[in-house]
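Protein chains in written order, with the numbering used here: chain L, 1 to 263; chain V, 264 to 514; chain Z, 515 to 824. Glycine included, each C-beta is placed from N, C-alpha and C at the ideal position. Remember, it's a predicted structure, so these values are computed and weren't measured experimentally.
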Amino acid sequence: MHFNAFDRYHEKESFLHRLDPRVKVLVTVIYIISNALLPDGAWLAFISAWMFLITANLLSQLGIGYTFKRSIIALPFALIAVTVLFSIPGKPVSTFQFLMWDLTITDAGFLRFVSILIRSWLSVQMAILLVAVTRFPDLIHALEHLRVPVILTTIIAFLYRYLFVLTDEVLRLIRARESRSAAVAGNRSGGGVRWRAKVAGNMAGQLFLRSYERSDRIYNAMLSRGYSGHLYTLNPHEMKSSDYFVTAFVIAVIFIVQLIGRL
Amino acid sequence: MPVTHVINSFEMPECDGDVLSVKDLHFSYPDGHAALHGVSLKLCRGDKVALVGPNGAGKSTLMLHLNGILGGRGEIEIAGKRLTRDNLPVIRAMVGLVFQSPDDQLFSPTVFEDVAFGPLHMGLPEIEVRVRVDAALEAVRMSSYKNRLSHHLSAGEKKRIAIATVLSMKPSLLVLDEPSAGLDPRARRTLINLLRELPITMLVSTHDMVLVKELFPRTIVMDEGRVVADGLTHEILDDEELLTAHGLEKP
Amino acid sequence: MHFSPVPLHIPDGFLSIPISIICWAITIITLGIAISRTNKALGEKQVPLMGVMAAFIFAAQMINFPVAGGTSGHLLGGALAAIVLGPWAGMLVMTAVVAVQGLLFQDGGLLVMGANILNMGLVTAAIGYGLYRAVSNQSKAVKLSVAGVAAWLSVMAGALFTALQLWLSGTSQLGIVIPAMLGVHVLIGLGEAFITVAALSFILQTRPDLLGEDSESAKGSRAWVAVGGIIALVVVWLSPLASADPDGLNRVAMDIGFFNTAQTGEGLLAGYTVPFFADAAASKIMAGVIGVIVVGAIIMLIGRGMKAKS
Ligand SMILES: Nc1ncnc2c1ncn2[C@@H]1O[C@H](COP(=O)(O)OP(=O)(O)OP(=O)(O)O)[C@@H](O)[C@H]1O
Ligand SMILES: [Mg+2]
Numbered sequence: 001m002h003f004n005a006f007d008r009y010h011e012k013e014s015f016l017h018r019l020d021p022r023v024k025v026l027v028t029v030i031y032i033i034s035n036a037l038l039p040d041g042a043w044l045a046f047i048s049a050w051m052f053l054i055t056a057n058l059l060s061q062l063g064i065g066y067t068f069k070r071s072i073i074a075l076p077f078a079l080i081a082v083t084v085l086f087s088i089p090g091k092p093v094s095t096f097q098f099l100m101w102d103l104t105i106t107d108a109g110f111l112r113f114v115s116i117l118i119r120s121w122l123s124v125q126m127a128i129l130l131v132a133v134t135r136f137p138d139l140i141h142a143l144e145h146l147r148v149p150v151i152l153t154t155i156i157a158f159l160y161r162y163l164f165v166l167t168d169e170v171l172r173l174i175r176a177r178e179s180r181s182a183a184v185a186g187n188r189s190g191g192g193v194r195w196r197a198k199v200a201g202n203m204a205g206q207l208f209l210r211s212y213e214r215s216d217r218i219y220n221a222m223l224s225r226g227y228s229g230h231l232y233t234l235n236p237h238e239m240k241s242s243d244y245f246v247t248a249f250v251i252a253v254i255f256i257v258q259l260i261g262r263l
Numbered sequence: 264m265p266v267t268h269v270i271n272s273f274e275m276p277e278c279d280g281d282v283l284s285v286k287d288l289h290f291s292y293p294d295g296h297a298a299l300h301g302v303s304l305k306l307c308r309g310d311k312v313a314l315v316g317p318n319g320a321g322k323s324t325l326m327l328h329l330n331g332i333l334g335g336r337g338e339i340e341i342a343g344k345r346l347t348r349d350n351l352p353v354i355r356a357m358v359g360l361v362f363q364s365p366d367d368q369l370f371s372p373t374v375f376e377d378v379a380f381g382p383l384h385m386g387l388p389e390i391e392v393r394v395r396v397d398a399a400l401e402a403v404r405m406s407s408y409k410n411r412l413s414h415h416l417s418a419g420e421k422k423r424i425a426i427a428t429v430l431s432m433k434p435s436l437l438v439l440d441e442p443s444a445g446l447d448p449r450a451r452r453t454l455i456n457l458l459r460e461l462p463i464t465m466l467v468s469t470h471d472m473v474l475v476k477e478l479f480p481r482t483i484v485m486d487e488g489r490v491v492a493d494g495l496t497h498e499i500l501d502d503e504e505l506l507t508a509h510g511l512e513k514p
Numbered sequence: 515m516h517f518s519p520v521p522l523h524i525p526d527g528f529l530s531i532p533i534s535i536i537c538w539a540i541t542i543i544t545l546g547i548a549i550s551r552t553n554k555a556l557g558e559k560q561v562p563l564m565g566v567m568a569a570f571i572f573a574a575q576m577i578n579f580p581v582a583g584g585t586s587g588h589l590l591g592g593a594l595a596a597i598v599l600g601p602w603a604g605m606l607v608m609t610a611v612v613a614v615q616g617l618l619f620q621d622g623g624l625l626v627m628g629a630n631i632l633n634m635g636l637v638t639a640a641i642g643y644g645l646y647r648a649v650s651n652q653s654k655a656v657k658l659s660v661a662g663v664a665a666w667l668s669v670m671a672g673a674l675f676t677a678l679q680l681w682l683s684g685t686s687q688l689g690i691v692i693p694a695m696l697g698v699h700v701l702i703g704l705g706e707a708f709i710t711v712a713a714l715s716f717i718l719q720t721r722p723d724l725l726g727e728d729s730e731s732a733k734g735s736r737a738w739v740a741v742g743g744i745i746a747l748v749v750v751w752l753s754p755l756a757s758a759d760p761d762g763l764n765r766v767a768m769d770i771g772f773f774n775t776a777q778t779g780e781g782l783l784a785g786y787t788v789p790f791f792a793d794a795a796a797s798k799i800m801a802g803v804i805g806v807i808v809v810g811a812i813i814m815l816i817g818r819g820m821k822a823k824s
């Protein structure tokens with residue numbers, strides 16, 4: 001695995017790519033809140049929200065199914081919600097036996113389960129699109145503009161910069177462990193679980209010390225360039241008229257989606 | 264084809280250290296390890312000086328003193344200004360220190376932010392910062408990399424950007440710690456050409472004796488926290504006894 | 515492909531709006547305190563230190579070790595971060611990790627990020643540090659074993675908090691979600707404990723100064739012992755109770771007004787009329803107000819757009 005596996009941004013010259021990152025963050029958040037606010041079984045509203053998403057996909061020039069293909073990421077968590085299928089009182093739809101339980105799926109339970117999945121599925125796609133059309137450093141600036149404390153955005157910026165460096169280090173450590181944990185033919189390699197955990201813990205400890213010392217060197221590099229406890233950044237973004245119009249338009253659309261959901 | 268430069272026009276400088284003067288510098292790390300034992304040296308405007316010596320000689324430690332990150336006993340003057348706690352910000356703007364690992368030097372997500380960091384923290388206005396960023400990137404021939412992400416750069420590119428991050432502060436002295444370490448031949452060649460062209464006083468620590476021979480008229484040899492030789496590069500490289508005594512090899 | 519080491523990253527859609535907001539509020543207040551405290555404690559070096567430490571936690575979560583039957587142990591890191599960096603800095607570091615996992619990798623949602631930070635960053639750090647702090651002057655063996663217990667409990671606490679939030683959102687049933695979450699995390703927590711202890715003992719061996727008397731780790735307030743202890747007690751007390759008698763907890767929640775229709779499992783403010791306004795008339799008025807605000811916002815934005823254009 002190479003560190004590029006972590007890149008989520010896709011360079012394109014689309015309308016969405018050019019949009020101010022603040023607008024993109026806001027629109028994503030509003031969209032996700034809107035999904036959460038839609039009542040169970042608001043099919044028409046769900047479909048409208050999906051249309052909105054598809055339009056955004058098209059505008060991004062990444063292809064109509066871009067986010068769809070990557071959206072299974074939240075699926076495993078759906079297991080958590082499975083219980084609502086059986087737990088909400090309503091008209092029984094189907095009954096079956098699972099291990100020692102008799103399970104009855106109710107209509108209300110089914111409605112709720114599907115609604116949860118749809119909300120989640122739509123929301124995660126918008127979040128996927130956000131990072132596909134916005135470079136992460138721009139996203140960090142957007143957070144700064146949106147009043148996230150500088151200390152947090154700075155930690156996030158450092159995290160982003162060094163996650164590539166440090167995951168490379170982890171992969172080197174893991175490779176070193178693998179090349180040393182060869183087994184004599186016919187024997188199982190490695191010791192017991194405790195031993196393996198200890199090896200992993202030593203790796204974590206070693207990585208910690210290296211990182212700690214690295215932070216010292218980085219601090220020195222920052223001092224050398226005039227850092228004295230205060231961080232200054234240039235504001236590389238300016239809202240254009242189209243940014244305002246897009247925000248207004250999206251709020252209007254989302255509002256309509258909400259109305260549709262409540263009719 | 265390797266370029267060889269004959270350097271015979273060069274004489275040892277006759278100045279009194281108008282860019283850098285270090286007098287009798289002593290330093291011990293907090294764990295008690297004494298790393299510098301009375302280091303003295305002088306650099307004049309336009310000097311390009313190599314600092315060589317075996318591992319652990321104290322080269323990096325000395326460099327960290329030049330802009331006050333470490334504070335040992337002794338006297339350091341940069342362009343006539345005595346280094347004290349009070350004028351640290353001024354000194355740090357005058358001494359451009361580039362660390363060995365570019366991953367430590369480039370700590371911002373994008374190239375632009377990194378090159379802008381120095382001028383911004385010197386308190387320059389935005390327009391001036393942008394002008395300087397462009398000029399510094401131009402100087403290292405990396406103008407087109409302005410908006411790139413730091414972690415996407417190759418080792419050689421990182422190295423050049425690292426130099427740009429201090430050039431943007433317009434230092435009067437450039438201090439580089441092992442700039443050619445870990446570069447492939449082509450990136451190394453590019454770097455050598457770059458260093459040759461930069462019209463700036465520089466002190467460069469290195470184990471790369473070919474680089475020393477090719478680029479630096481003057482060489483300072485350090486060992487065990489002391490300056491053991493300071494003179495014309497070709498004379499030092501001809502002194503086999505000196506070289507073997509301090510674990511160096513003639514290129 | 516990135517993978518989340520621990521199934522605690524809640525995606526959007528699984529928590530109700532009120533629960534999301536409440537979690538955000540708790541998280542924001544805690545982080546506000548954390549920011550002002552770390553500013554004082556660590557000084558100007560805090561920025562690169564916490565930044566690189568966040569990357570460290572992120573990377574360390576990739577370290578795994580095979581346990582049995584294809585499963586593997588991982589590090590979540592909340593307890594470890596709090597023990598070595600001090601509780602407040604540990605919380606900020608974990609916040610950055612959770613934020614990047616959500617923002618960049620969609621490991622956890624955005625609207626629910628407040629909850630994810632709370633569960634994986636704040637609760638874990640509080641427990642991990644609180645229990646460790648209680649014995650930080652004791653012998654190495656005591657410190658390490660308590661750190662192990664603390665790491666295990668921190669994961670269990672994260673799981674319990676997650677389960678409670680899912681239940682209060684009407685996403686899962688209490689009687690199932692608590693035993694399920696806790697059951698899964700009993701083993702995950704063991705991995706956490708093993709790695710945390712081994713990492714700490716490595717650090718104690720090679721750089722004892724980082725955990726010594728002058729370290730951030732030793733300077734945290736003693737009050738953390740109480741905070742960590744209380745959360746730990748809640749976990750220890752509530753988990754078996756909730757698993758054995760979910761109806762009891764449901765009743766309690768109903769009594770303090772958490773549900774208006776707990777039986778239907780629809781969670782807070784069933785039907786999602788305007789939140790916090792169950793009364794029909796008030797709800798209508800509120801809807802009107804919201805409508806006016808939305809229209810006003812749209813007009814204002816268009817106005818700004820025109821201005822920016824000219
Ligand atoms: N942070 C530190 N704490 C204690 N001792 C240190 C520290 N950094 C360096 N030293 C010691 O100081 C001495 C000088 O180290 P320095 O890094 O300056 O050598 P160097 O000449 O740069 O070597 P190299 O060629 O390997 O880079 C060495 O003996 C080293 O072990
Ligand atoms: Mg060195």
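Going along chain L in order, which residues have a C-beta closer than 9 Å to the C-beta of residue i?
i, result
"N578 (chain Z)", "I174 and A200"
"V614 (chain Z)", "F136, I156, L159, Y160 and L163"
Do the CB positions of residue i and residue j come within less than 7 Å of each other?
i, j, result
"A574 (chain Z)", "L207 (chain L)", "yes"
"D471 (chain V)", "F362 (chain V)", "no"
"P365 (chain V)", "A425 (chain V)", "yes"
"A298 (chain V)", "G321 (chain V)", "yes"
"L714 (chain Z)", "A661 (chain Z)", "yes"
"P236 (chain L)", "P372 (chain V)", "no"
"F675 (chain Z)", "N633 (chain Z)", "yes"
"T685 (chain Z)", "A45 (chain L)", "no"
Does the beta-carbon of residue i, which I'm using as the reference point, lie nearer than 6 Å to any heavy atom of ligand 2?
i, result
"K69 (chain L)", "no"
"K657 (chain Z)", "no"
Looking at ligand 1, does it come within less than 6 Å of residue i, judged from the CB to the closest heavy atom?
i, result
"L292 (chain V)", "This sequence places Tyr at residue 292 (chain V); Leu is not what is there. Yes, the beta carbon of Y292 (chain V) sits closer than 6 Å to at least one heavy atom of ligand 1."
"G510 (chain V)", "no"
"A320 (chain V)", "yes"
"S323 (chain V)", "yes"
"H296 (chain V)", "yes"
What residues from chain Z crowd round residue i, counting only those whose CB sits closer than 7 Å?
i, result
"V257 (chain L)", "Here the premise fails: no neighbours, minimum Cβ distance about 12 Å."
"A56 (chain L)", "By Cβ distance, chain Z contributes nothing, its closest Cβ being about 16 Å from A56 (chain L), past 7 Å."
"L111 (chain L)", "Near L111 (chain L) there are no residues of chain Z at all, since even the closest Cβ is about 11 Å away, more than 7 Å."
"M51 (chain L)", "Result: empty, since nearest Cβ-Cβ is about 18 Å, beyond 7 Å."
Residues of chain V with CB closer than 8 Å to the CB of residue i, please, in chain order.
i, result
"R217 (chain L)", "F362, S364 and D367"
Using a cut-off of 8 Å between C-beta atoms, extract the partners of residue i located in chain Z.
i, result
"S123 (chain L)", "P525, D526, G527, G623, L624 and L625"
Under 7 Å between beta-carbons, which chain L residues line up against residue i? List them in chain order, please.
i, result
"M564 (chain Z)", "I155"
In chain L, what lies closer than 8 Å to residue i by C-beta?
i, result
"V429 (chain V)", "S224 and R225"
"I531 (chain Z)", "I33, A36 and L37"
Can you list the residues of chain V that residue i reaches, using a CB-CB cut of under 7 Å?
i, result
"R119 (chain L)", "The contacting residues do not exist; R119 (chain L) stays about 32 Å from chain V at best."
Taking only heavy atoms of ligand 4 into account, decide whether any of them is closer than 6 Å to the Cβ of residue i.
i, result
"V282 (chain V)", "Ligand 4 is absent from the structure shown, which contains only ligand 1 and ligand 2."
### Query
At which residue ranges does the stretch 156-229 of chain L contain complete alpha helix (DSSP H) runs of 4 or more residues, listed in the order of the chain?
193-224
### Query
Given a limit of 9 Å on CB to CB distance, which residues of the stretch 225-246 of chain L reach chain V?
R225, G226, Y227, S228, H230, L231, Y232, T233, L234, N235 and P236
### Task
Taking a Cβ distance cut-off of 7 Å, strictly less, list which residues of the stretch 616-627 of chain Z are near chain L, in chain order.
L617, L618, Q620, G623, L624 and L625
### Query
Along the stretch 655-686 of chain Z, what residues have a CB closer than 8 Å to any CB found in chain L?
L680, G684, T685 and S686
### Message
To be precise: take each residue of the stretch 385-405 of chain V, compare its Cβ to all Cβ atoms of chain L, and keep it if any distance is under 7 Å. Which residues remain?
### Response
M385, E389 and V392
### Task
Using a Cβ-Cβ cut-off of less than 8 Å, give me the residues of the stretch 547-562 of chain Z that come near chain L, in sequence order.
I549, T552, N553, G557, E558, K559, Q560, V561 and P562
#### Entry: Contiguous beta strand (DSSP E) assignments of at least 3 residues, all confined to the stretch 390-470 of chain V
436-440 and 464-468
### Message
Counting only Cβ-Cβ distances shorter than 8 Å, please list the residues of the stretch 696-726 of chain Z near chain L, keeping chain order.
### Response
G705, F708, I709, T710, V711, A712, A713, L714, S715, F716, I717, T720, R721 and L724
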